[in-house]
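Peer 1:
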Amino acid sequence: IRPGDTYEDEDFHIATLPSRHAIVGMCGRLTDRSTGVVIGFTGDTGPRPALAEVFSDADLLIHEASIPPGTPDSELRGDHSRATDAAKVAREAGVKRLRLIHLREAHRVESLAAARAIFPETELATEGQRITLPRRPDRR
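With the working numbering, letter number 111 in the sequence shown gets 179, and the count goes up by one each step, no holes.
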């Protein structure tokens, strides 16, 4: 599967779009057909207006946040995001939960606080973490 492709079988539907990064990557929306659960994910990517539409109403959004939250727009290279960028996508998309990934230790606490000020249901993802997402009511 390449950025921009879709994949589906009887269990899953995956829609992707290219990330905004110097190295080819993708962002995507995975839907579990049996539960209706929707998970959105980004690899390394700069802010993109299209992300909120792709992640609309997702149960979980996993979004990179490698740039410190206080970094001015004028200093962004465009290929990575701040936690505040991720939180704005989550809020605009109406997702239920946001997990931040790819943060540097030096700004983890500050990034989490800045994101929560915009989207309170934000947490830092941890390696090996398991998250149980409830079946959507229309899939019982």
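Cβ atoms here follow ideal geometry from the backbone N, Cα and C, with glycine treated the same way.
Using 8 Å as the threshold, is the C-beta distance between isoleucine 82 and isoleucine 130 below it?
Peer 2: Position 14 of the sequence shown, counted from the start, is the residue given in the question as residue 82. Position 62 of the sequence shown, counted from the start, is the residue given in the question as residue 130. No, they are not a contact pair.
Peer 1: Taking the continuous alpha helix (DSSP H) assigned at isoleucine 186, which residues delimit it?
Peer 2: Working through the sequence shown from its first residue, we reach residue 186 at position 118. Looking at the DSSP string, the run of the alpha helix (DSSP H) that includes isoleucine 186 is 176-186.
Peer 1: Determine the DSSP secondary structure at aspartate 206, reduced to helix, strand or coil.
Peer 2: For the purposes of this step, residue 206 is identified with residue 138 of the sequence shown, where counting begins at 1. Correct three-state label for aspartate 206: helix.
Peer 1: Considering valine 163, what are the terminal residues of the beta strand (DSSP E) in which it resides?
Peer 2: Position 95 of the sequence shown, counting from 1, holds the residue named residue 163. Neither: valine 163 is in no beta strand (DSSP E) and is coded neither H nor E.
Peer 1: Using the Cβ count rule (16 or more neighbours within 10 Å means buried), how would you classify proline 137?
Peer 2: Reading the sequence shown from its first residue, position 69 is the one you call residue 137. Result: buried.
Peer 1: Is it buried or exposed, phenylalanine 80, if we count other Cβ atoms within 10 angstroms and call 16 or more buried?
Peer 2: Here residue 80 corresponds to residue number 12 of the sequence shown, with the count starting at 1. Classification for phenylalanine 80: exposed.
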